[in-house]
Amino acid sequence: MLRAQDLKLRQSDRQWAVDLVNHLRESLLVFLKNSDEQPYFQSASVLSSGSYYEMVKILNPNEFDMMLKLQSPSRLKMTELDQYHGLFYEVALSRSTRSHIRSFLLDDGVTISASKIISEMHRLVRKFIIHISNHLGWRWVVNRKRPNSPAVTLSLLEVDNGKQELLSVDVVPALEVPSSQGWPLAARAGPDVDNWLGKKTRRSLTHQTCFFVPKKPPGRNLSEAAKESWRISFSHIEKELIKTHGNKRTCCETSATKCCRKQCFKLLKCLIEGLKQRYPQELDALCSYHGKTAFLHTLSIRAQDSLWTPRQLPACFMHLLRALEGHARSGLLPHFFVPTSNLFAPPTFPRKALVFLIEALEDQRRQGLPLLMPPAPAPPLAVHSHSDSQPQLSPVVQQTPVIQYPVILPPQVVEMKSFEQMFKIVALVMVLVYVCYLL
Ligand SMILES: [Zn+2]
Numbered sequence: 001m002l003r004a005q006d007l008k009l010r011q012s013d014r015q016w017a018v019d020l021v022n023h024l025r026e027s028l029l030v031f032l033k034n035s036d037e038q039p040y041f042q043s044a045s046v047l048s049s050g051s052y053y054e055m056v057k058i059l060n061p062n063e064f065d066m067m068l069k070l071q072s073p074s075r076l077k078m079t080e081l082d083q084y085h086g087l088f089y090e091v092a093l094s095r096s097t098r099s100h101i102r103s104f105l106l107d108d109g110v111t112i113s114a115s116k117i118i119s120e121m122h123r124l125v126r127k128f129i130i131h132i133s134n135h136l137g138w139r140w141v142v143n144r145k146r147p148n149s150p151a152v153t154l155s156l157l158e159v160d161n162g163k164q165e166l167l168s169v170d171v172v173p174a175l176e177v178p179s180s181q182g183w184p185l186a187a188r189a190g191p192d193v194d195n196w197l198g199k200k201t202r203r204s205l206t207h208q209t210c211f212f213v214p215k216k217p218p219g220r221n222l223s224e225a226a227k228e229s230w231r232i233s234f235s236h237i238e239k240e241l242i243k244t245h246g247n248k249r250t251c252c253e254t255s256a257t258k259c260c261r262k263q264c265f266k267l268l269k270c271l272i273e274g275l276k277q278r279y280p281q282e283l284d285a286l287c288s289y290h291g292k293t294a295f296l297h298t299l300s301i302r303a304q305d306s307l308w309t310p311r312q313l314p315a316c317f318m319h320l321l322r323a324l325e326g327h328a329r330s331g332l333l334p335h336f337f338v339p340t341s342n343l344f345a346p347p348t349f350p351r352k353a354l355v356f357l358i359e360a361l362e363d364q365r366r367q368g369l370p371l372l373m374p375p376a377p378a379p380p381l382a383v384h385s386h387s388d389s390q391p392q393l394s395p396v397v398q399q400t401p402v403i404q405y406p407v408i409l410p411p412q413v414v415e416m417k418s419f420e421q422m423f424k425i426v427a428l429v430m431v432l433v434y435v436c437y438l439l
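For what it's worth, the working numbering labels the leading residue of the sequence shown as 1, then goes sequentially.
Rendered as structure tokens:
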């Protein structure tokens, strides 16, 4: 049976997809601009962000993201939600307003409702889709709302061939903090890039604006304030950091100054996607953002370009993998921009999921990264299956990945230095070269 990931766009089709998404973006902006019934969205613009623009999608290169920038008529009052350490906020206007945003305010007349914004976004996109011209053979559809997702997802389906999805686009509304206003207190110190990119770059980054996306914290029994809360977003700056990643400005400008940072990131994202596909329930809390955060921390610590030459790719990737594993073991992965927020802290990242992640990463490392091997995830890992969908507690033993073909060598022999390991790493590099060629 054909799976979605088998439908990866070939390089020759890539331009077709990019043109299509660009056309969709422009049409959506025109539609919103002319939409009299919802004037607040008329001034929206698109902030390019997301993995497509970072060129780091591997397993699903046919997924696109775009942030729809929404303006605030006045300064914002940003109140941190307790227990989320500067990641989630109640966002309110500093004074009442008669401008178009008032349709999206709560009863107090100043607090901006995240749920009203995302619902309206859904409604508008559904209406827009009726207007967009569908060609013979395929059509756009709006996916059902996903719980706790800030995105409206559009899919391009083939009309024949079982309505297969050809590509998808996540449209995320993003409320811009006015440029006259600094970042919230928890992010005020700015990202730790002094040793890596220099103080001057840090200043220019922190002078940029930041955004809020309509995403509430995970979990049930949320307070009324939490249900309408927003998550802070620096994705536009993360994109910039990943693009201009060098200690020196010349990094990756020519083939002579090429580095392997982006390739390492691609591999880590690939591994995380692979782990999530294999253990969707156990690693539900894990997302690519954990990989991105570990990557940014690693870049800021291993700052020198000379540590990331293409020749060192296998060692650099193992370093990055160990960094993620280290964060998981310590249970501490500070948000890169909001360091008081720990992305591996419960309840957002449950303790048993963290234990499972540690085991899974260690197994991958010891077995030579089977999830990164072609043609697809290799078979050695398997978990005990449970008849019920909710495994019971004390799951550490139950959920520990079981190696069907036990590694009989002691860990110190199985480490990087073993011949077999090196062989697998060489194979990994070959896969990477192939993937890069495709991209
Ligand atoms: Zn570089």
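Glycine included, each C-beta is placed from N, C-alpha and C at the ideal position.
Predicted, not measured: the structure shown is a model, and the values here were computed from it.
Between residue i and ligand 1, is there a pair consisting of the residue's CB and a ligand heavy atom that are separated by less than 8 Å?
{"i": "residue 207", "result": "no"}
{"i": "residue 261", "result": "yes"}
{"i": "residue 290", "result": "no"}
{"i": "residue 245", "result": "yes"}
{"i": "residue 257", "result": "yes"}
{"i": "residue 316", "result": "no"}
{"i": "residue 160", "result": "no"}
{"i": "residue 251", "result": "yes"}
{"i": "residue 308", "result": "yes"}
{"i": "residue 305", "result": "yes"}
Could you tell me how far apart the beta carbons of residue i and residue j are, in whole angstroms, since I believe they sit closer than 8 Å?
{"i": "residue 70", "j": "residue 173", "result": "6 Å"}
{"i": "residue 81", "j": "residue 44", "result": "Not confirmed; about 26 Å, so no contact."}
{"i": "residue 184", "j": "residue 118", "result": "No, residue 184 and residue 118 are not in contact; Cβ-Cβ is about 21 Å, not under 8 Å."}
{"i": "residue 103", "j": "residue 40", "result": "6 Å"}
{"i": "residue 177", "j": "residue 209", "result": "5 Å"}
{"i": "residue 205", "j": "residue 242", "result": "Residue 205 to residue 242, Cβ: 13 Å. No contact."}
{"i": "residue 291", "j": "residue 272", "result": "5 Å"}
{"i": "residue 157", "j": "residue 138", "result": "6 Å"}
{"i": "residue 320", "j": "residue 264", "result": "5 Å"}
{"i": "residue 283", "j": "residue 353", "result": "6 Å"}
Beta-carbon within less than 6 Å of residue i's beta-carbon, same chain only, minus the 5 sequence neighbours each way: which residues are those?
{"i": "residue 20", "result": "none"}
{"i": "residue 327", "result": "294, 333"}
{"i": "residue 300", "result": "192, 193, 196"}
{"i": "residue 215", "result": "150, 231"}
{"i": "residue 85", "result": "340, 341"}
{"i": "residue 163", "result": "157"}
{"i": "residue 445", "result": "Given a span of 1 to 439 for the chain in the structure shown, any question on residue 445 remains unanswerable."}
{"i": "residue 240", "result": "none"}
{"i": "residue 94", "result": "74, 75, 77"}
{"i": "residue 258", "result": "252, 310"}
Residues in the same chain with beta-carbon distance under 8 Å from residue i, minus the five sequence neighbours each way, listed in chain order, please.
{"i": "residue 180", "result": "75"}
{"i": "residue 148", "result": "215, 216, 218"}
Could you say which of the options lies nearest to residue i if we only look at CA atoms?
{"i": "residue 30", "options": "124, 351, 156", "result": "124"}
{"i": "residue 73", "options": "101, 223, 281", "result": "101"}
{"i": "residue 343", "options": "360, 324, 194", "result": "324"}
{"i": "residue 211", "options": "222, 348, 187, 169", "result": "187"}
{"i": "residue 348", "options": "219, 254, 357, 372", "result": "219"}
{"i": "residue 297", "options": "362, 111, 335", "result": "335"}
{"i": "residue 356", "options": "267, 255, 278", "result": "278"}
{"i": "residue 473", "options": "143, 182, 318", "result": "Because the chain here runs from 1 to 439, residue 473 falls outside it and cannot be looked at."}
{"i": "residue 310", "options": "260, 159, 366, 23", "result": "260"}
{"i": "residue 268", "options": "229, 289, 105", "result": "289"}
{"i": "residue 441", "options": "28, 38, 266", "result": "A question about residue 441 goes unanswered here, because the residues of the chain that appear run from 1 up to 439."}
{"i": "residue 366", "options": "248, 322, 225", "result": "322"}
{"i": "residue 145", "options": "126, 131, 160, 159", "result": "126"}
Check whether chain D comes within 9 Å of residue i, counting only Cβ atoms and requiring the distance to be less than that.
{"i": "residue 45", "result": "Here there is only one protein chain, and chain D is not present."}
Please return the same chain residues whose Cβ sits closer than 7 Å to the Cβ of residue i, not counting the five positions on each side in sequence.
{"i": "residue 190", "result": "202, 205, 206"}
{"i": "residue 78", "result": "89, 91, 184"}
{"i": "residue 234", "result": "210, 337"}
{"i": "residue 416", "result": "The predicted model places residue 416 with a pLDDT of 42, which falls under 50 and marks its position as unreliable, so this point remains unresolved."}
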